[in-house]
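The block underneath contains the structure these notes are about, expressed in structure tokens.
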Amino acid sequence: MAKTCVAVVGAGPGGLAAAMILAHRGFEVSVFEREAIIGGRNSELKLGSYSFDVGPTFLLMKFLLDQVFAETGRQTEDYLDCPRLDPMYELAFDGFSIHATTDRERMKQEIERTFPGQSAGLDRFHEVERVRFKRMYPCLQKAYGSLRSLLAPVFLRALPHLSIGRSIFQVLGNYFEPERLRLAFTFQSKYLGMSPWDCPGAFALIPYAENKLGIHHITGGLHRMSTAFAQVLEEEGGTLRLETPVHRLTLDGRKVTGVELADGSRVATDAVVINADFGHAMTRLVPEGVLKRYRAEKLRKLEFSCSTYMLYLGLDTVYPLPHHKIIFAKDYARNLREISHEKVLSEDFSLYIRNASVTDPSLAPEGHSAVYVLVPVPNNSGNVDWEREAPAFRERVLDVMEQRGGMTDLRAHIREEYIITPTDWEQQRGVYLGATFNLAHTLGQMLYFRPHNEFEELRNCYLVGGGTHPGSGIPTILESGRITSNLISRRWDVPFEPPPSFADELLDQG
Ligand SMILES: Cc1cc2nc3c(=O)[nH]c(=O)nc-3n(C[C@H](O)[C@H](O)[C@H](O)COP(=O)(O)OP(=O)(O)OC[C@H]3O[C@@H](n4cnc5c(N)ncnc54)[C@H](O)[C@@H]3O)c2cc1C
């Protein structure tokens with residue numbers, strides 16, 4: 006019997022996760038990637054002999070990575086080395102730092118040291134948020150293809166834990182009073198490209214998962230995850246075609262019949278899975294006049310995440326500083342207002358420095374280091390002129406790294422350098438509005454209200470990655486790979502094991 010053919014547009018982590026699962030289940034899978042390398046935002050940036058991750062550097066909820074490998078009968082450890090980082094990161098505020106650890110007793114001591122009398126809140130945080138996580142996590146494992154899906158028992162059980170109408174910053178006020186201590190447990194909303202004052206309270210499950218299960222690194226860089234998925238895909242008989250942009254979807258009415266490549270050739274398939282950035286794909290891959298809900302004018306009115314200014318530095322020294330360090334603007338609330346609402350560049354900005362060479366010497370020559378800097382900035386729906394701003398902004402970023410980041414004489418140690426601005430994200434890397442974390446995760450753009458995994462506007466068309474349910478971090482993207490693979494398997498009557506039901510032990514794995 007002829008195999009069911011699936012084309013995947015894009016070799017980001019979501020596309021590759023779905024591709025390898027489907028190939029394992031017997032589908033004939035072809036992945037088309039427009040770049041010469043795999044991974045998309047999760048790819049490697051090589052500058053001379055320094056290696057960087059373009060995007061993700063925090064691997065949260067590593068059990069999900071294990072589950073995705075297990076979907077293909079494999080074990081993560083046979084492909085990747087994933088050390089756990091402890092302490093997880095340094096949070097540098099004006100005048101003091103918090104070193105966060107998953108060791109509850111040590112974390113309480115750290116809270117007492119910085120905010121005397123507040124440590125009891127940590128036990129309450131763990132107790133209450135554990136329940137939220139247990140209720141909500143199963144909701145992230147299922148598709149929301151119809152409004153009725155919001156009546157599913159698993160969702161109804163989670164409803165009281167959604168904290169509707171409350172921001173994550175307000176929710177954390179249940180446990181901690183001081184603003185900066187709350188920020189230590191809510192800055193994670195930035196993983197979604199959102200401000201803690203805007204991010205729905207339900208996302209308190211992220212700081213909980215982080216503080217309970219910790220953060221992992223992948224030796225050699227997180228891009229190795231995408232490389233490993235591609236290897237599994239090929240072991241399962243799938244094909245990966247690099248430097249092969251999909252020009253557009255081919256359609257018969259609203260039914261997708263395959264893809265047309267940039268060279269004009271056509272590939273007929275039974276289903277197409279889109280992993281390319283959602284906004285980019287809707288505006289570039291679907292002929293005009295076909296879409297309704299997500300046509301260009303409507304798309305533009307949706308809410309998108311912030312963007313990021315990126316600086317990658319190959320240094321001829323290794324600073325003895327943490328693997329992950331977040332430096333908060335003195336007035337963080339104002340900084341985030343300027344990013345999300347006023348859409349202007351802040352005088353006083355926050356930034357994140359990844360100094361991974363301290364724990365992973367494979368990223369740079371001996372005695373050297375690969376340093377990655379991420380500055381959250383407005384997406385391109387504002388009017389920042391990056392061509393004009395970029396040179397001065399670079400100097401300001403280096404100043405902060407030297408003065409608040411502990412990187413004395415940094416400029417003298419730079420051997421390699423590469424910058425990505427929001428304009429580059431949009432124009433060179435196909436990220437709609439340069440919104441690096443995709444559609445915002447407001448309640449109105451979540452679950453049923455986010456573009457569906459089985460895309461509601463076109464038949465035989467599926468979505469995977471940050472633009473669909475459940476959302477834009479690596480764990481949720483992996484979950485989208487599994488949800489979409491399961492929808493396709495069900496549609497073509499291919500048997501599969503349902504995802505493992507939630508087990509308490511997951512929360513104790515670490
Ligand atoms: C700077 C940054 C930092 C991040 N940090 C973290 C983090 O620490 N932890 C975390 O969990 N998440 C993080 N994320 C979020 C998220 O995990 C990544 O963005 C992730 O790589 C998104 O994966 P994706 O599957 O949605 O696809 P993408 O990575 O966006 O890949 C899509 C692929 O589609 C390809 N493509 C596009 N158009 C076409 C076409 N027409 N034809 C063929 N191919 C096409 C692209 O080239 C690309 O390879 C970060 C993101 C960014 C940008």
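Note that the numbering used here has the sequence shown beginning at 6, numbered continuously upward. Note that the Cβ used here is the ideal one computed from N, Cα and C, for glycine as well.
- For Thr-489, the enclosing alpha helix (DSSP H) starts and ends at 479-496.
- In this structure, the beta-carbon distance from Leu-65 to His-446 does not fall below 7 Å.
- Taking 4 residues as the shortest admissible run, the stretch 242-323 contains the following complete alpha helix (DSSP H) segments, listed from N- to C-terminal end: 283-289, 301-305.
- As computed with DSSP, His-329 is found in a beta bridge with Arg-359.
- When DSSP states are grouped into helix, strand and coil, Ile-103 belongs to the strand group.
- If you look at Pro-381, you'll find it in the beta strand (DSSP E) that goes 374-382.
- Burial state of Met-412 is buried, judged by a 10 Å Cβ sphere holding 16 or more other Cβ atoms.
- In its chain, beyond the 5 residues on either side, Arg-140 have a beta carbon closer than 8 Å to the beta carbon of Arg-162.
- Cβ contact annotation for Phe-333 (same chain, cutoff 6 Å, sequence separation greater than five): Phe-98, Ser-355, in chain order.
- The nearest non-hydrogen atom of ligand 1 is 6 Å or more from the C-beta of Glu-394.
- Spanning the alpha carbons of Val-295 and Ser-310 requires a straight line of approximately 26 Å.
- Inclusion of Asp-86 and Thr-106 in the CB contact set at 7 Å is not warranted, their separation being larger than that value.
- If you check the C-beta of Asn-47 against ligand 1, you find a heavy atom less than 6 Å away.
- With fewer than 16 other Cβ atoms from the protein chains shown falling within 10 Å of its own Cβ, His-346 counts as exposed.
- Taking 6 Å as the cut-off, one finds at least one heavy atom of ligand 1 near enough to the beta carbon of Ile-482.
- Excluding sequence positions up to five before and after Lys-195, its CB lies within less than 7 Å of the CB of Pro-381, all in the same chain and listed in chain order.
- Look at Gly-219: its beta carbon is at least 6 Å from all of the heavy atoms in ligand 1.
- Straight-line measurement puts the Cα of Thr-119 at about 8 Å from the Cα of Ser-102.
- At a threshold of 6 Å, Thr-191 does not count as near ligand 1, since its beta carbon sits no closer than that to any of the ligand's heavy atoms.
- DSSP lists Ser-102, Ile-332 as the beta-bridge partner residues of Ala-97.
- Taking C-alpha positions only, Leu-483 is separated from Gly-44 by approximately 13 Å.
- Of the candidates Thr-244, Gly-439, Ile-42, Gly-226, Gly-226 places its Cα closest to the Cα of Tyr-377.
- Judged by their CB atoms, Ser-351 and Asn-340 are nearer to each other than the 7 Å cut-off.
- The beta carbon of Ala-12 sits no closer than 6 Å to any heavy atom of ligand 1.
- Per DSSP, the unbroken beta strand (DSSP E) holding Ile-419 starts and ends at 419-425.
- For the pair Ala-28 and Leu-238, the CB atoms are nearer than the 7 Å cut-off.
- The Cβ atoms of Val-13 and Gly-19 lie no closer than 7 Å to each other.
- The straight-line gap separating the alpha-carbon atoms of Thr-81 and Arg-46 is approximately 21 Å.
- Contact check for His-285 against Gly-435 passes: the beta carbons are separated by less than 7 Å.
- Within its own chain, the residues whose Cβ lies closer than 7 Å to the Cβ of Thr-262, once the five positions on either side in sequence are excluded, are Thr-255, Leu-256, Ala-273, listed in chain order.
- Counting other Cβ atoms within 10 Å of its Cβ, Met-93 reaches 16 or more and is therefore classed as buried.
- For Pro-205, the secondary structure class from DSSP, reduced to helix, strand or coil, is strand.
- Closer than 6 Å to some heavy atom of ligand 1: that describes the Cβ of Ser-477.
- In the DSSP annotation of this structure, the continuous segment of the alpha helix (DSSP H) that includes Phe-234 starts and ends at 228-240.
- Boundaries of the beta strand (DSSP E) around Lys-51: 49-52.
- Going by C-alpha positions, Pro-427 is about 7 Å away from Asn-385.
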